[in-house]
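Trainee: Here it is, the structure, as structure tokens.
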Amino acid sequence: MAALAGVSRAIASRALSAQPRPVSADKRERVLRAAETLGFRPNSLARGLANKTVNLVAILVNHIHDLSDLDLFDLLLAEIQAIGKQVIFIRVGAGEHAESFLRDGVAYHVDAALVFSDFADAATVRRMFRNNAVLMLNGHHDPGVPSVTMDEDQGIRECVADAAAKGVRTALLLTGRTMSLVEQARIASYRAALARHGIKLLGELAGDYSYASGRALAQQIDVDATGAVFCTSDAMAMGVLDAHRQHFPQHVPTRFRLYGFDNISLTQFDAYPISSIGSDRREYVAQIVRILNQPADLAQNSDQVLVATRFVSRLTG
0 MAALAGVSRA
10 IASRALSAQP
20 RPVSADKRER
30 VLRAAETLGF
40 RPNSLARGLA
50 NKTVNLVAIL
60 VNHIHDLSDL
70 DLFDLLLAEI
80 QAIGKQVIFI
90 RVGAGEHAES
100 FLRDGVAYHV
110 DAALVFSDFA
120 DAATVRRMFR
130 NNAVLMLNGH
140 HDPGVPSVTM
150 DEDQGIRECV
160 ADAAAKGVRT
170 ALLLTGRTMS
180 LVEQARIASY
190 RAALARHGIK
200 LLGELAGDYS
210 YASGRALAQQ
220 IDVDATGAVF
230 CTSDAMAMGV
240 LDAHRQHFPQ
250 HVPTRFRLYG
260 FDNISLTQFD
270 AYPISSIGSD
280 RREYVAQIVR
290 ILNQPADLAQ
300 NSDQVLVATR
310 FVSRLTG
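Going by numbering that gives the first Met the number 0, 99 is the number at position 100 of the sequence shown; the sequence numbering is gapless.
The following block contains the structure:
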């Protein structure tokens, strides 16, 4: 291959390396053309041994059943694979099972761990993988450990302001798992925004972010007393909408307004035009991959990155 490209073997090796190694654009292009001509594919295992990496990233989750997970993880996997790494999902579970798994679970040899599970702290994950390259995505802001989280307060303020401007004076809040640090902060933001606009919070009903829990909790809504229902996931809002379709002719609210959270792709279609709060997922994933793509620095990185959210108005609001 080096001979076909007209370069030395060292130059050819540098041009094919996944690491940022010095080689001119012209020589890199010649090497890549030669590799394509010869049908050459880099050996990932050999490359990993040379670089002391395995090009494998662990993603820790409680479980995957929320519709927003599908939107996020499809994009995240594509971007991680684009930088030459593969992903292994590890389902931690919940409650006592999660604690047992984190204490006794068999760790994999990975280059880094991305922690979405709200049961895991950085110290536990570092011990579990015997690796300090950990990125927190679950609301834990452990000192000296990088994190990427949503600035949800901004979007929530905009959402509640929209309801207040439309005359809402009473509201119900349907939440997810209240042990989650992210959910606790989200609930606090709703409470503060509602109080700021003088909207009476009639109650908080706890679900699990799923469509089924939203539909079940919908039975407890007093449609005559409630001005708006705020759900902390779009899936729950979809369950509420289906349970009360009679109050949303052509999706327009006649008894109470309905707001979701996550701005999932399904809310952009006619069946579930739910007003929602979301972030730019591409920006969120880009921040994760930016930190992940600096493996030598990840263990010493302490970036605390916030990604903005915004309110998206649709028919149900």
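Backbone N, C-alpha and C define an ideal beta-carbon position, used for all residues, glycine too.
In the DSSP output, what is SER278 paired with across the bridge?
Mentor: Per DSSP, THR308.
Trainee: Does the Cβ of LYS199 have 16 or more other Cβ atoms within 10 Å, making it buried, or fewer, making it exposed?
Mentor: Exposed.
Trainee: Given that a residue counts as buried once 16 or more other Cβ atoms are within 10 Å of its Cβ, and exposed if not, what is SER275?
Mentor: Buried, since its Cβ has 16 or more Cβ neighbours within 10 Å.
Trainee: Which one or two residues does DSSP pair with ALA227 in a beta bridge?
Mentor: Answer by DSSP bridge pairing, in chain order: ALA170 and ARG256.
Trainee: Decide if HIS139 is buried, meaning its Cβ has at least 16 other Cβ atoms within 10 Å, or exposed.
Mentor: By the neighbour-count rule (16 or more Cβ atoms within 10 Å), HIS139 is buried.
Trainee: Looking at the structure shown, is SER146 part of a helix, part of a strand, or coil, going by DSSP?
Mentor: Three-state result, SER146: strand.
Trainee: Quick check: GLN286 and VAL306, are their CB atoms within less than 8 Å of each other?
Mentor: Result yes, Cβ atoms of GLN286 and VAL306 sit closer than 8 Å.
Trainee: Check each candidate in SER301, LEU297, MET149 and SER12 and name the one with the smallest Cα separation from ARG309.
Mentor: It is MET149 whose Cα lies nearest to the Cα of ARG309.
Trainee: Where does GLN85 sit, in a helix, a strand or coil, going by DSSP?
Mentor: GLN85: strand per DSSP, three-state reduction.
Trainee: With DSSP run on the structure shown, which of helix, strand or coil describes LYS26?
Mentor: Helix at LYS26.
Trainee: Comparing alpha-carbon positions, which option in LYS26, TYR107, CYS158 and ALA215 lies nearest ARG185?
Mentor: Among LYS26, TYR107, CYS158 and ALA215, the Cα nearest to that of ARG185 is on CYS158.
Trainee: Of all the options GLN299, GLU282 and ILE290, which has the alpha carbon lying nearest to the alpha carbon of LEU74?
Mentor: Comparing Cα-Cα distances from LEU74 to each of GLN299, GLU282 and ILE290, the minimum goes to GLU282.
Trainee: Do you know offhand how far ALA298's Cα is from LEU257's?
Mentor: Cα to Cα, ALA298 sits roughly 43 Å from LEU257.
Trainee: Since ASP210 and MET237 are thought to touch, with beta carbons under 8 Å apart, how far apart are those beta carbons, to the nearest angstrom?
Mentor: This sequence places Tyr at residue 210; Asp is not what is there. Rounded, the Cβ-Cβ distance is 5 Å, consistent with contact.
Trainee: Report buried or exposed for ASP296, applying the criterion of at least 16 other Cβ atoms within 10 angstroms of its Cβ.
Mentor: That one is exposed.
Trainee: What first and last residue would you give for the beta strand (DSSP E) that runs through LEU113?
Mentor: Taken as a continuous stretch (DSSP letters only), the beta strand (DSSP E) holding LEU113 covers 111 to 114.
Trainee: In angstroms, rounded to a whole number, what distance separates the CA positions of ALA45 and ARG27?
Mentor: With a pLDDT of 46 at ALA45, under the threshold of 50, the predicted position of this residue should be treated as unreliable, and no value is reported.
Trainee: Report the option in ALA234, PHE72, ASN137 and ALA57 whose CA atom is closest to the CA atom of MET178.
Mentor: Taking only the C-alpha atoms, the option nearest MET178 is ASN137.
Trainee: Taking Cβ positions, are ARG8 and ALA14 nearer each other than 8 Å?
Mentor: No, Cβ-Cβ distance for ARG8 and ALA14 is not below 8 Å.
Trainee: Note down, in chain order, each residue of its chain lying with its Cβ closer than 6 Å to the Cβ of THR368, except the 5 sequence neighbours on either side.
Mentor: Here the chain comprises residues numbered 0 to 316, so residue 368 is not present and cannot be evaluated.
Trainee: Out of curiosity, what's the CA-to-CA distance linking LEU338 and GLY277?
Mentor: Residue 338 is absent from the structure shown; the chain starts at 0 and stops at 316.
Trainee: Report the three-state DSSP secondary structure of GLY5 (helix, strand or coil).
Mentor: GLY5: coil per DSSP, three-state reduction.
Trainee: LEU59 and SER146 look like a contact to me (Cβ under 8 Å); what is the Cβ gap, rounded to whole Å?
Mentor: With 8 Å as the limit, LEU59 and SER146 do not qualify as a contact, their Cβ atoms being about 14 Å apart.
Trainee: List the whole-angstrom C-beta distance separating ALA227 from VAL133, where the pair is believed to meet the contact cut-off of C-beta under 8 Å.
Mentor: Incorrect: roughly 39 Å between the Cβ atoms, too far for contact.
Trainee: Given a threshold of 16 other Cβ atoms within 10 Å of its Cβ, counted over all protein chains shown, does ALA191 qualify as buried or as exposed?
Mentor: By the 10 Å Cβ count, ALA191 comes out exposed.
Trainee: Tell me which same chain residues have a C-beta within less than 7 Å of the C-beta of TYR78, skipping the five on either side of it?
Mentor: Per the sequence shown, the amino acid found at residue 78 is Glu instead of Tyr. Hits under 7 Å: VAL284 and VAL288.
Trainee: Give the range of the alpha helix (DSSP H) segment to which GLY202 is assigned.
Mentor: Not the alpha helix (DSSP H): GLY202 falls in the beta strand (DSSP E), residues 199 to 205.
Trainee: Classify MET0 as helix, strand or coil using the three-state DSSP reduction.
Mentor: Here MET0 sits in coil by DSSP.
Trainee: What is the rounded straight-line gap between the Cα of ALA34 and the Cα of VAL22?
Mentor: Answer to the nearest angstrom: the Cα atoms are 16 Å apart.
Trainee: In the DSSP assignment, find the beta strand (DSSP E) that holds ILE58 and state where it starts and stops.
Mentor: 55 to 60 is the extent of the beta strand (DSSP E) around ILE58.
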